[in-house]
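Working notes, structure below.
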Ligand code: HEM
């Protein structure tokens, strides 16, 4: 076996996800910048709406029995209830009930959940910005950006460990990464269409 093959087999799923989706992550940061989310409350409200639709897409996948088996603590994850309350604070009501993940299967579903869980890390910066710019808090209009009660890092590490403990084959790992790319693509679309979002 060559060294590069060895390295490939030894790379964990969580490491592969980070490396192989990093370009998409950079693209999200650029889209966020272009959307000028913190320029005014109306932009922030539409961004919050995009968070709501994405959370609904991701939480739809929590019902899958294989997902439940791999990620046993789904009850502490997901932020759609919090976002809905934030939207109320911001005077918005979601007009669409469309779910983008109806056709998503397992293990791709885990890739979508990866995108959502990872986004809680960057949300620390967004939370600070929402506090600083608008005075929003974990109890008003920025609930969905607040840390999980256990803390961001703990819940994130537990998620990565659960994924790595699944001991997926290379092919299954490829499918999880494919799902993550789909998740980033969906959120990217929402961000790009923010002005039209209702
Ligand atoms: C201005 C916007 C954003 C900033 C500043 C930001 C920043 C960050 C930071 C600092 C990390 C932690 C890196 C580490 O500790 O290793 C992170 C991780 C992550 N973010 Fe973002 N982020 C942003 C937007 C997003 C968006 C919109 C998404 C997806 C919808 C996203 C998905 C992720 C994911 C999946 C990870 C985990 C990467 C890994 O596997 O370690 N981020 N982000």
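Numbering (my numbering), first residue to last: 166 to 363. Cβ atoms here follow ideal geometry from the backbone N, Cα and C, with glycine treated the same way.
**Asked** Can you tell me whether residue 326 is buried or exposed, with buried defined as 16 or more other CB within 10 angstroms of its CB?
**Response** The residue is exposed, with fewer than 16 neighbouring Cβ atoms inside 10 Å.
**Asked** Beta carbon of residue 255, beta carbon of residue 306: below 7 Å?
**Response** Cβ atoms of residue 255 and residue 306: closer than 7 Å.
**Request:** Find the nearest neighbour of residue 284 within the set 178, 253, 203 and 345, judged by alpha-carbon distance.
**Result:** Proximity to residue 284 across 178, 253, 203 and 345 peaks at 345, based on C-alpha coordinates.
**Request:** Assuming residue 349 contacts residue 193 (C-beta within less than 8 Å), just tell me the rounded distance between them.
**Result:** Right, the Cβ-Cβ distance comes to about 7 Å (below 8 Å), so this counts as a contact.
**Request:** Classify residue 306 as helix, strand or coil using the three-state DSSP reduction.
**Result:** Correct three-state label for residue 306: strand.
**Nearest neighbour of residue 182, chosen from 279, 321, 263 and 208 [CA to CA]** = Checking every option, the nearest Cα to that of residue 182 belongs to 279.
**Beta-carbon proximity check, residue 229 vs residue 290, cutoff 7 Å** = Cβ atoms of residue 229 and residue 290: not closer than 7 Å.
**Item:** alpha helix (DSSP H) runs contained entirely in the stretch 190-229, provided each spans 4 or more residues
**Value:** Here the runs fully enclosed are 206-224.
**Request:** Let me know the alpha helix (DSSP H) ranges lying completely inside the stretch 260-301, each 4 residues or longer, listed in chain order.
**Result:** For the stretch 260-301, whole alpha helix (DSSP H) runs of length 4 or above, ordered along the chain, are 273-299.
**Request:** Report, in whole angstroms, the separation of the C-beta atoms of residue 206 and residue 245, which I expect to be a contact under 8 Å.
**Result:** Contact between residue 206 and residue 245 is ruled out by a C-beta separation of about 21 Å, above the 8 Å threshold.
**Request:** Pull up the CB-CB distance for residue 309 and residue 216, whole angstroms please, since I reckon it's below 8 Å.
**Result:** The C-beta distance from residue 309 to residue 216 rounds to 6 Å, short enough to fall under 8 Å.
**Prompt:** Hey, how far is the Cα of residue 259 from the Cα of residue 304?
**Reply:** If you take the alpha carbons of residue 259 and residue 304, they lie about 20 Å apart.
**Request:** Evaluate residue 233 with the Cβ neighbour count: other Cβ atoms within 10 Å of its Cβ, from every protein chain shown; 16 or more gives buried, anything less gives exposed.
**Result:** Answer is exposed; the Cβ neighbour count stays below 16.
**Request:** Give the DSSP-derived three-state secondary structure of residue 351 in the structure shown.
**Result:** Helix, per DSSP.
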